[in-house]
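Read the structure below first, then the notes.
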Amino acid sequence: MCSAISQVEQEELLEKLEVFKIKGRDKHGRKILRIIAKLFPARLVSVDVLKKYLEDKVFPKLGKRKFVVLYVHTGVQRSENFPGISGLRWIYDSIPANVKENLEAVYFIHPGLQARLFLATFGRFLFNAGLYGKLRYVSRVDYLWENVRRNEVEIPEFVFDHDEDLDYRPMMDYGLESDHARVYGGAPTMDSPVTTYSMRCIS
Numbered sequence: 001m002c003s004a005i006s007q008v009e010q011e012e013l014l015e016k017l018e019v020f021k022i023k024g025r026d027k028h029g030r031k032i033l034r035i036i037a038k039l040f041p042a043r044l045v046s047v048d049v050l051k052k053y054l055e056d057k058v059f060p061k062l063g064k065r066k067f068v069v070l071y072v073h074t075g076v077q078r079s080e081n082f083p084g085i086s087g088l089r090w091i092y093d094s095i096p097a098n099v100k101e102n103l104e105a106v107y108f109i110h111p112g113l114q115a116r117l118f119l120a121t122f123g124r125f126l127f128n129a130g131l132y133g134k135l136r137y138v139s140r141v142d143y144l145w146e147n148v149r150r151n152e153v154e155i156p157e158f159v160f161d162h163d164e165d166l167d168y169r170p171m172m173d174y175g176l177e178s179d180h181a182r183v184y185g186g187a188p189t190m191d192s193p194v195t196t197y198s199m200r201c202i203s
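Counting from 1, one number per residue, gives the positions in the sequence shown under the UniProt record's numbering.
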């Protein structure tokens, strides 16, 4: 990541884009930290500023209670909104121990084949076994509702659009069919046999 704007401007940008948002609770009553990866301005925000932003604006709001992360991977492109492997590892290592201990699950929406393969190959080396074991892949938004209340979290429209693309072109899930204009980058699983359909009207 590199940046041509000031630290204050970078922090304001993260706040404005709502890349990180704490809102709602899952079905176990745990706080939800939602991360919309597509909105992360990797070219403008440095790793140092991101770390400080998380320490000042995000972690304190989580308090000392258990929480889950809802990570939306839909629309991530390596050149636009991905902080890099070394950046991710550095950020993870800087997370306070008490925050790591309170994290109970990471719901990873639309992981894609590349992300699954990468995490299956390097996940245990980049992150500790405890975090890797908390990872739950969610290939469709519908499957998320098994663990998260529908009215507790806001899901962007483009995520539902991708769900519909996958319903009509399921081979995109396995990297066997291109998604054309949209590129969705890229173990544990929580997929369900439940029939899928768009839930945008009640999200």
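Beta carbons are placed, not taken as given, at the ideal position from N, Cα and C, and that holds for glycine.
Y168 and F40 have their C-alpha atoms roughly 28 Å apart. Taking all protein chains in view, the Cβ of Y137 is crowded by 16 or more other Cβ atoms within 10 Å, so the residue is classified as buried. The segment 21–35 and the segment 4–13 do not touch, with fewer than three beta-carbon pairs separated by less than 8 Å. In the structure shown, E154 adopts coil according to DSSP, grouped into three states. In the structure shown, L62 falls within a helical segment according to DSSP collapsed to helix, strand and coil. Following the DSSP letters along the chain, one finds A37 in no alpha helix (DSSP H), marked with neither H nor E. Note that the C-beta distance between A105 and K64 is not below 9 Å. When DSSP reads this structure, I109 sits in a beta bridge with V72 and V138. Considering only I91, V141, E146 and V148, the residue with the shortest C-alpha distance to E157 is V141.
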